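2 protein chains.
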Amino acid sequence: MTGRRPQRARDPEARRAALAVATMEVIAEAGVGRTTHRAVAAKAGLPLGATTYYFPTLDDLIAAGLRHAVDMLQTDLDEWAERLRSAPDVAEALTGLMCEYLGDRRQARLEYELCVAAARDEALRPLAEVWMRGLPEILEPYVGAAAGRDICALLDGIILLALVTESELDAPGLTAAIRRLAGT
Amino acid sequence: MTGRRPQRARDPEARRAALAVATMEVIAEAGVGRTTHRAVAAKAGLPLGATTYYFPTLDDLIAAGLRHAVDMLQTDLDEWAERLRSAPDVAEALTGLMCEYLGDRRQARLEYELCVAAARDEALRPLAEVWMRGLPEILEPYVGAAAGRDICALLDGIILLALVTESELDAPGLTAAIRRLAGT
DNA sequence: ATTCATCTTGTACGAACGTACAAGTACGAT
DNA sequence: ATCGTACTTGTACGTTCGTACAAGATGAAT
Chain A
1 MTGRRPQRAR
11 DPEARRAALA
21 VATMEVIAEA
31 GVGRTTHRAV
41 AAKAGLPLGA
51 TTYYFPTLDD
61 LIAAGLRHAV
71 DMLQTDLDEW
81 AERLRSAPDV
91 AEALTGLMCE
101 YLGDRRQARL
111 EYELCVAAAR
121 DEALRPLAEV
131 WMRGLPEILE
141 PYVGAAAGRD
151 ICALLDGIIL
161 LALVTESELD
171 APGLTAAIRR
181 LAGT
Chain B
1 MTGRRPQRAR
11 DPEARRAALA
21 VATMEVIAEA
31 GVGRTTHRAV
41 AAKAGLPLGA
51 TTYYFPTLDD
61 LIAAGLRHAV
71 DMLQTDLDEW
81 AERLRSAPDV
91 AEALTGLMCE
101 YLGDRRQARL
111 EYELCVAAAR
121 DEALRPLAEV
131 WMRGLPEILE
141 PYVGAAAGRD
151 ICALLDGIIL
161 LALVTESELD
171 APGLTAAIRR
181 LAGT
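For the record, the sequence lines run as chains A and B.
Here the first sequence is numbered in UniProt numbering, starting from 1 and rising by one per residue.
Here the second sequence is numbered in UniProt numbering, starting from 1 and rising by one per residue.
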C-alpha cells in the first residue's frame, strides 16, 4: 500500500540553491557545529540523499550555506553604498542602516557565526572578509580610509553588543560616536 | 594480563576544575557545537564516565567550561582596571592592553564563541555580559559612560577584525580612534 | 576492623551521524 | 520509439554520540 513518493520535476539549479538556503537557515539556528545533512534536508523538504548528491561532503554543504549568506550580505552592502551616496548626512544614514540591519537578528547571528568559523578555518576567511573589507571601502570616500576602518569596527562591536544583550540600539549615541570617529 | 588501571588519588574539586579547563580548551579548538564528552575526557586525561559524573548533561559541561573562561576574563578585567588606574594616558594604556590581549588569539576566539553561543542561548547571556558590561564600567571614570560604551564597542570590533584577518593591530591608529571617542 | 557513602573506571545501549549506493524515473538525443 | 545520462529517492552501513550503569576502590566514621 505504499511505494515511493513520485519524483518531483527536475531542476538541479533550484535544488542547489534551495539546499544552500536551507543550510544557511540551519546554521543560523543551530550553529555551524550542529549543522547536519539531515537537518538541512528536513529544512529544505528534500530527501537526505539530495544533500550528498549536490555537495560531496558536509564541509562543502556548510561552505555553500555560508557563501550564500555572504552573497546576501554583499547585496546589502551594495544597498548601503547606494543609500549613503544619496544621503545628506553620512552618520545619520549609517545609524538608520544599522537600525534596519538589527531588525532581524538572525542575519547578524549568521554573520558572527561565519566570523567565528572563519577564525578557526582559514578556508572560510575570504568569505568573512567580504564585510570587513567591503564596509570600510564604502565609507572611505566620505571619511577617509582610517576613519572608515574605525567606524566599521565600532559598528561590528555595536552589533555584537546587540546580539548578546538583545538591547535596543542607542541611535543618537551611535550617530554621535560615528561623527567623532569621522572627525566631523 | 590486563585488568583495569589503578585508581588515582581522589580529589573531586580538582577533577571538576580540570574538566572545566579541558572543556574550555575543546570549545576554543572545536567550537561549542563540536564539543563532546569524549573530546573533553581525552583532553583532561580522564575516563569518559568522569564527565557525566560531575556534570549531568553535556550542556552543563559546556556551561562549566564557558563559566571558567569568563572567570579568567574577569581576572583579566581586574588587571585592566589596575593598569589603567596607574597609567598616565588611558588611550595608550588601552592600546597596549589590546596588544597583549591579541597576543594569544585562542582566548579571543573563545570569547567570541561564547558571544555567539549566548546570542542563541539566553541562559548563557549573563556570562557574555561580564565583558560587555565590565569594560565600560572600568572606562567610565576616565571618559564617561557614553564614551566608555563606544570605546568598548570599538575594541570588540577590532578584536573581531583581528580574529578574521589574522592581521596585526594598528596601534597608533587605535590610540587615535580611542582619543576621538573619548573626546580628548 | 568493619561499614558505607562517595568516587573511579570500563562498558553497554539506543539514537543520530556522515556517507555510500541500489533501484527507479525523467528527459534530451537519436 | 529507444536509449543513455543525469537526477530522485529510500535504505543501509559503520562510526560516534549522549547517557546510564555495574563493579571495584577509597577513606572517613564507627
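Cβ atoms here follow ideal geometry from the backbone N, Cα and C, with glycine treated the same way.
On a predicted model such as this, the values are computed, not experimentally measured, just so you know.
Under 8 Å between C-beta atoms of residue i and residue j
{"i": "B:Val70", "j": "B:Val130", "result": "yes"}
{"i": "A:Cys99", "j": "A:Leu48", "result": "no"}
{"i": "A:Val164", "j": "B:Gly31", "result": "no"}
{"i": "A:Leu66", "j": "A:His37", "result": "no"}
{"i": "A:Ile159", "j": "A:Leu102", "result": "yes"}
{"i": "A:Met132", "j": "A:His68", "result": "no"}
{"i": "B:Leu19", "j": "B:Ala64", "result": "yes"}
Where residue i falls, given that 16 or more other Cβ within 10 Å makes a residue buried
{"i": "B:Arg8", "result": "exposed"}
{"i": "A:Ala117", "result": "buried"}
{"i": "B:Pro136", "result": "buried"}
{"i": "B:Glu111", "result": "buried"}
{"i": "B:Gly148", "result": "buried"}
{"i": "B:Ala119", "result": "buried"}
{"i": "B:Glu113", "result": "buried"}
{"i": "A:Ala128", "result": "buried"}
Distance between beta carbons of residue j and residue i, contact taken as under 8 Å
{"i": "A:Asp121", "j": "B:Asp156", "result": "Not confirmed; about 21 Å, so no contact."}
{"i": "B:Val90", "j": "B:Val21", "result": "Not really, about 33 Å apart at Cβ, beyond 8 Å."}
{"i": "A:Ile178", "j": "A:Thr95", "result": "7 Å"}
{"i": "B:Arg106", "j": "B:Ala39", "result": "16 Å between Cβ atoms; not a contact."}
{"i": "B:Arg15", "j": "B:Tyr54", "result": "6 Å"}
Secondary structure of residue i, DSSP reduced to three states
{"i": "A:Glu166", "result": "coil"}
{"i": "A:Gly31", "result": "coil"}
{"i": "A:Pro12", "result": "helix"}
{"i": "A:Pro172", "result": "helix"}
{"i": "B:Gly65", "result": "helix"}
{"i": "B:Gly144", "result": "coil"}
{"i": "B:Leu114", "result": "helix"}
{"i": "B:Leu48", "result": "helix"}
{"i": "A:Ala87", "result": "coil"}
{"i": "B:Leu19", "result": "helix"}
{"i": "residue 216 of chain A", "result": "Only positions 1 to 184 of chain A appear in the structure, and residue 216 of chain A is not among them; the question remains open."}
{"i": "A:Leu102", "result": "coil"}
{"i": "B:Pro136", "result": "helix"}
{"i": "B:Arg126", "result": "The sequence given here places Pro at residue 126 of chain B; Arg does not occur at that position. In this structure, B:Pro126 counts as helix in the three-state DSSP scheme."}
{"i": "A:Ala183", "result": "Before going on, a small fix: residue 183 of chain A reads as Gly here, not Ala. Three-state result, A:Gly183: coil."}
{"i": "B:Ala95", "result": "Checking the displayed sequence, the identity of residue 95 of chain B turns out to be Thr instead of Ala. Residue state, collapsed to three classes: helix."}
{"i": "A:Asp60", "result": "helix"}
{"i": "A:Asp150", "result": "helix"}
{"i": "B:Thr36", "result": "coil"}
{"i": "A:Asp78", "result": "helix"}
{"i": "A:Asp121", "result": "coil"}
Distance, residue j Cα to residue i Cα
{"i": "A:Gly134", "j": "A:Ala87", "result": "19 Å"}
{"i": "B:Arg34", "j": "B:Thr51", "result": "16 Å"}
{"i": "A:Ala17", "j": "A:Ala42", "result": "15 Å"}
{"i": "B:Leu175", "j": "A:Ala182", "result": "The displayed chain sequence assigns Thr, not Leu, to residue 175 of chain B. C-alpha separation (whole angstroms): 15 Å."}
{"i": "A:Leu161", "j": "A:Ala44", "result": "32 Å"}
{"i": "B:Arg5", "j": "B:Leu46", "result": "12 Å"}
{"i": "B:Asp78", "j": "B:Pro141", "result": "15 Å"}
{"i": "residue 199 of chain A", "j": "B:Glu82", "result": "This structure cannot speak to residue 199 of chain A, because chain A is shown only from 1 to 184."}
{"i": "A:Glu92", "j": "B:Glu92", "result": "29 Å"}
{"i": "A:Leu84", "j": "B:Leu58", "result": "47 Å"}
{"i": "A:Leu154", "j": "A:Arg10", "result": "47 Å"}
{"i": "A:Arg180", "j": "A:Ala146", "result": "13 Å"}
{"i": "B:Cys115", "j": "A:Pro12", "result": "37 Å"}
{"i": "B:Pro126", "j": "B:Trp80", "result": "20 Å"}
{"i": "B:Pro172", "j": "B:Glu166", "result": "18 Å"}
{"i": "A:Asp104", "j": "A:Thr75", "result": "16 Å"}
{"i": "A:Leu97", "j": "B:Leu97", "result": "32 Å"}
{"i": "A:Thr184", "j": "B:Thr184", "result": "14 Å"}
{"i": "A:Gly3", "j": "A:Pro56", "result": "28 Å"}
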